[in-house]
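Below, the structure is given as structure tokens:
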């Protein structure tokens, strides 16, 4: 799930987040049109990345089931312990 398309989308999402942050005015109820536009772009990219990841998981599990194994065993790992490793936490949080 680390193909070039996802990496490119993550880069664009980061850029949209920066745009949104730069255009945000503190203490103002109605934000500018530029802020709203950046917010919509950020949400669109977030949704697209989520859909790509969910589709990847769905395809992987479907592929496992289609091979018709006798049994499928899944290991349940404590995510909180895995996230404590600062070098791997980003990779685990995206899964």
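Numbering (this note's numbering), first residue to last: 436 to 530.
Positions of the beta carbon are idealized from the N, C-alpha and C atoms, including for glycine.
Here the structure is a predicted model, which is why all the values come from computation and not from measurement.
For residue i, count neighbouring C-beta atoms within 10 Å of its own C-beta (all shown protein chains included) and say buried if the count is 16 or more, exposed if not.
i: residue 491; result: exposed
i: residue 493; result: exposed
i: residue 512; result: exposed
i: residue 473; result: buried
i: residue 451; result: buried
i: residue 523; result: exposed
i: residue 480; result: buried
Beta carbon of residue i: closer than 6 Å to some heavy atom of the ligand GTP?
i: residue 458; result: Absence of the ligand GTP is noted for the structure shown, with no ligands found whatsoever.
Over the uninterrupted alpha helix (DSSP H) stretch that includes residue i, give me the two end residues.
i: residue 518; result: Taken as a continuous stretch (DSSP letters only), residue 518 belongs to no alpha helix (DSSP H), as it is neither H nor E.
i: residue 454; result: 439 to 458
At the level of alpha carbons, what is the spacing between residue i and residue j?
i: residue 448; j: residue 504; result: 39 Å
i: residue 468; j: residue 437; result: 33 Å
i: residue 519; j: residue 453; result: 27 Å
i: residue 509; j: residue 502; result: 16 Å
i: residue 499; j: residue 457; result: 45 Å
i: residue 487; j: residue 514; result: 22 Å
i: residue 464; j: residue 497; result: 47 Å
i: residue 476; j: residue 462; result: 23 Å
i: residue 446; j: residue 484; result: 11 Å
Using beta carbons (cut-off 7 Å, strictly below), is residue i in contact with chain C?
i: residue 456; result: Absence of chain C from the displayed structure is noted, only one protein chain being present.
So within the region 468 to 515, which uninterrupted alpha helix (DSSP H) runs reach at least 4 residues, ignoring any that extend past its ends? Counting whole runs of 4 or more residues, the region 468 to 515 contains the alpha helix (DSSP H) stretches 468 to 501.
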